[in-house]
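If you use this note's numbering, the sequence shown closes out at 398, no skipped numbers anywhere. Quick reminder that beta carbons are idealized off the backbone N, C-alpha and C, glycines included. The block underneath contains the structure these notes are about, expressed in structure tokens.
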Amino acid sequence: MNILVINCGSSSLKFQLIDAETEKLIAKGLCERIGIEGSQLVYQPEGKDKITTVTPMEDHTTAVKLVLNSLTDSVNGVVKDLSEIAAVGHRIVHGGEKFAKSTLITDEVVKAITDCNELAPLHNPANLIGIAACKELMPNTPMAAVFDTAFHQTMPKEAYLYGIPYEYYEKYKVRRYGFHGTSHSYVSNRAAEVLGKKYEDLKIIVCHLGNGASVSAVKNGKCIDTSMGLTPLEGLIMGTRSGDIDPAIIEFIAHKEGKSIDDIMSILNKKSGVLGLSSNLSSDFRDLQDAYESGKEEGIRTIETFAYRVTKYIGAYTAAMNGVDAICFTAGLGENSAFVREMICSRLGYLGITLDKEQNSKRGEELVISTPDSTTKVLVIPTNEELAIARETKALLK
């Protein structure tokens, strides 16, 4: 059973074709700069070299058509025709309270996703465009929606409610939703398998650290808290997003700088995080690590502040679960930066953690990086959201 996984952004489209029975990757690729000059398709059948095609893509329908043509190409294709694709799994960022699990896509589901657009204005509309494009080109192929927010719908009220008038929750569903749920679910499940323990018996903290970053507390197989909130702006300091701040800062800067609420929100989303904290040195942690190691103040203050925030969330979620069995690092930074992992774990001695420096020096691999005598286990689990989406889609079909 071949499943095509689609992840649409506003001007991009990532895809993977996966054999859902063997869970083997068949092909993957990326359409970049959709609707922008210089658009291109990077396509790679498994085990072969990348093929880059620079071609105009006026919209997502054009991009999907190019993807399908690549997959069925007589020379470099991996399937004979589209009938060999059993289903399409779509990553949907925000499902609100309507979706606590993945679902097959119907007109009613599309409407419900559309109703969540105002909660994720940068993501949901693009996800819907991807659905529409696939429906136009593959009208008889089943499609599934897999939601970033669904995994976090098990949070109790005390974790997701804000200290604002309750009427705003009743009228507008203003609450914590959390994101990166597909990643948090995959990584926490995989950690239990690596440790040889039952998922339902463990207390796991997942640190999804990348340009977007979040932490979750997974107790007995269910998420009980997560750092992102109504939107992906809350929580950890990220690449360009501020993370947690005193809300009064918004009014303070607006008055001092003569800026509107929209101006300030743009600053918090696009000019803050490690980019802003480093005085615009970089939003790339590789550059910041180089600066840190060179003794530059911009790099030192930024990385130390970021690591402190991650450590603080780990401590909070250890308290929320009344203990922790395993801490997992994943995503671009979490999987590849031994430097950042060590800085974070150096503050967690109270949890009985000792790092195996040789194991921690490796990157991008599935690893246990704590020593055998560590009370709390520390793991690196490369995330695989596409495989998780394929699994969800397969389960819905069956």
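Here L17 is buried. Its C-beta has 16 or more other C-beta atoms within 10 Å. The beta carbon of Y168 is closer than 6 Å to those of V174 in its chain, skipping five residues each way along the sequence. For V378, there is no enclosing alpha helix (DSSP H); the enclosing beta strand (DSSP E) has its first and last residue at K377 to V380.
Counting only the Cα atoms, K296 lies some 11 Å from D287. Straight through space, the alpha carbons of I105 and F147 are spaced by roughly 12 Å.
Under the three-state reduction of DSSP output, I327 falls in the strand class.
Take the alpha-carbon of G77 and the one of N69: they are about 8 Å apart. Around V215, the same chain offers C207, S227 and Y313 as residues with beta carbons nearer than 6 Å, after the five sequence neighbours per side are excluded. Exclusion of the five residues before and after K377 leaves L195, D325, A326, V368 and S370 as the residues of its chain whose Cβ lies within less than 7 Å of its Cβ.
Here the C-alpha atom of S337 lies approximately 38 Å from the C-alpha atom of A132. Annotation note: the stretch 269-339 contains the following uninterrupted beta strand (DSSP E) runs of length 3 or greater, listed N- to C-terminal: 326-330. Short of 6 Å from the beta carbon of N220, and not among the five residues preceding or following it, lie these beta carbons of its own chain, in chain order: E200.
Between the C-alpha atoms of V109 and C134 there is a straight-line separation of about 15 Å. The alpha-carbon of E293 is positioned some 20 Å away from that of E358. One thing to note: G273 has its Cβ within 8 Å of the Cβ of S283. Every unbroken stretch of the alpha helix (DSSP H) spanning 4 or more residues and falling wholly within the stretch 200-273 is given here in chain order: 248-257 and 261-270. Close CB contacts of H123 within its chain, under the 6 Å cut and outside five residues either way in sequence, are with V93 (chain order). Between L209 and A331 a beta carbon distance of about 5 Å is seen, short of the 8 Å cut, so the two are scored as contacting. Assigned with DSSP and collapsed to three states, V88 falls in strand. Straight across, the Cα-Cα distance linking A307 with N360 is about 16 Å. The Cβ neighbour count for T393, taken over all protein chains shown within 10 Å, is at least 16; the residue is labelled buried.
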